[in-house]
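Data first, discussion second: the structure below is written as structure tokens.
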Amino acid sequence: MKNIKFYALSFLASTFVGLFFARCDINNDYSPPDSVPSETSAIKIRLSDAPGDYKEVNIDVRDIMIKGNTDSGDEGWISIGNTPAGGMVYNLLDLTGGVTVMLADTIIPSIYLGQVRLILGDNNTIVLNDDESTTIPLNTPSAQQSGLKVKVDQTLLGGISYDFLLDFDVDQSVVKAGNSGNYNLHPVLRVTTVANSGAIRGTITNIMDAKKVLATVEVGTETVSTYTNDAGVFQLNGVPPGTYTVTLSPDPTSGLLIKMITGVVVVNGEVTDTGSISM
Numbered sequence: 341m342k343n344i345k346f347y348a349l350s351f352l353a354s355t356f357v358g359l360f361f362a363r364c365d366i367n368n369d370y371s372p373p374d375s376v377p378s379e380t381s382a383i384k385i386r387l388s389d390a391p392g393d394y395k396e397v398n399i400d401v402r403d404i405m406i407k408g409n410t411d412s413g414d415e416g417w418i419s420i421g422n423t424p425a426g427g428m429v430y431n432l433l434d435l436t437g438g439v440t441v442m443l444a445d446t447i448i449p450s451i452y453l454g455q456v457r458l459i460l461g462d463n464n465t466i467v468l469n470d471d472e473s474t475t476i477p478l479n480t481p482s483a484q485q486s487g488l489k490v491k492v493d494q495t496l497l498g499g500i501s502y503d504f505l506l507d508f509d510v511d512q513s514v515v516k517a518g519n520s521g522n523y524n525l526h527p528v529l530r531v532t533t534v535a536n537s538g539a540i541r542g543t544i545t546n547i548m549d550a551k552k553v554l555a556t557v558e559v560g561t562e563t564v565s566t567y568t569n570d571a572g573v574f575q576l577n578g579v580p581p582g583t584y585t586v587t588l589s590p591d592p593t594s595g596l597l598i599k600m601i602t603g604v605v606v607v608n609g610e611v612t613d614t615g616s617i618s619m
């Protein structure tokens, strides 16, 4: 058996394809059980979101399913979600500064985890920065509602804890439909394993002057990014081990300059804190 926990994490931008999560509370530091029986594995899965020029991006999560192989058929899927019967709506832009939300927490037999399926409802909406009084429906294709299938390709070993991170790329997932005023949801996700990655954290001390800061790192040909929260805190999750340069871009209307933090070392399973930063 395996203890599987699904979360949703912070505000990350990325062009990777990703995974899944579930539970209904927000928690910065969830701790797995002190010990995991040898025939089970503890799994945590968190949801993150990538930057987008919106006030709110509300996603209707209905269920999480898993499958023990990678074939494309609809047979063999098992529901492990513990979301309410009517689903749970999350504003992805609330998930910043390392905040996480767990979407599912369950026990399953020890298996090869081939795929995860994120089931969305149709209560998906956005609020634009320049029109905060209007909530706009996000049209969700029926194929997306039937489930976003993502390959995991991970053998879950007994007695081991697993921590997965799902990044929801808002900028690429929300598509404006021409000049119609309509918006479509085409989810772009990225998955990483915390055991095989780390995180970069920092605090912008003059966030009132900077207004909003976009933090980015280049990971090969991909970009991982996140915005600061209201307190000026950012956290880039799912970064493979290595040495990076973090680029901090303030709001263009602030008049402040882009800042580069070099030599940032990332270690598996750890958060590298760059400390207090003035733009």
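Be aware that the sequence shown starts at 341, since it is given in my numbering, and climbs by one per residue.
Glycine included, each C-beta is placed from N, C-alpha and C at the ideal position.
Return helix, strand or coil for residue i, following the three-state DSSP convention.
i      : result
Met619 : coil
Asp549 : helix
Thr465 : strand
Pro449 : coil
Ser537 : coil
Taking residue i as the reference, give the member of the options with the closest Cα.
i      : options                           : result
Asn469 : Lys395, Gly413 and Pro590         : Lys395
Arg457 : Ile447, Pro449, Tyr430 and Gly487 : Gly487
Thr607 : Thr556, Leu596, Asp570 and Ser537 : In the sequence under discussion, the amino acid at residue 607 is Val, which differs from the Thr named in the question. Out of Thr556, Leu596, Asp570 and Ser537, Ser537 has the C-alpha closest to the C-alpha of Val607.
Asp549 : Leu505, Gly454, Tyr430 and Ser589 : Ser589
Phe504 : Lys599, Arg530 and Ile447         : Arg530
Quick one: residues in its chain with C-beta nearer than 6 Å to the C-beta of residue i, no 5 flanking neighbours on either side, listed in chain order?
i      : result
Glu558 : none
Asp369 : With a pLDDT of only 39 at Asp369, under 50, the local geometry of the prediction cannot be trusted, and no value is derived from it.
Thr543 : Gly572, Val573 and Ser616
Starting from the C-beta of residue i, find all residues in its chain whose C-beta is less than 7 Å away, skip the five residues before and the five after it, and write them out in chain order.
i      : result
Asp403 : Ser419, Gly421, Thr423 and Ile459
Glu472 : Lys395
Asn519 : none
Val579 : Ser537, Gly538, Ala539, Ile540, Val557, Val559, Val564 and Val606
Leu525 : Asn464, Leu478, Asn479, Thr480, Gln484, Ser513 and Val514
Ser412 : none
Output needed for residue i: all residues of its chain with C-beta closer than 8 Å, excluding positions within five of it in sequence on either side, in chain order.
i      : result
Tyr452 : Gly408, Asn409, Gln494, Thr495 and Leu496
Thr612 : Gly538, Ala539, Ile540, Arg541, Val604, Val605 and Val606
I need the boundaries of the beta strand (DSSP E) containing residue i, first residue and last residue.
i      : result
Asp471 : Asp471 to Asn479
Ser412 : No beta strand (DSSP E) contains Ser412, which DSSP labels as neither H nor E.
Val429 : Met428 to Asn431
Val510 : Premise fails: Val510 lies in the alpha helix (DSSP H), Val510 to Ser513, not in any beta strand (DSSP E).
Val490 : Leu488 to Thr495
Asn524 : Tyr523 to Leu525
*asked:* So within the stretch 563–607, which uninterrupted beta strand (DSSP E) runs reach at least 3 residues, ignoring any that extend past its ends?
replied: 573–579, 582–590 and 599–606
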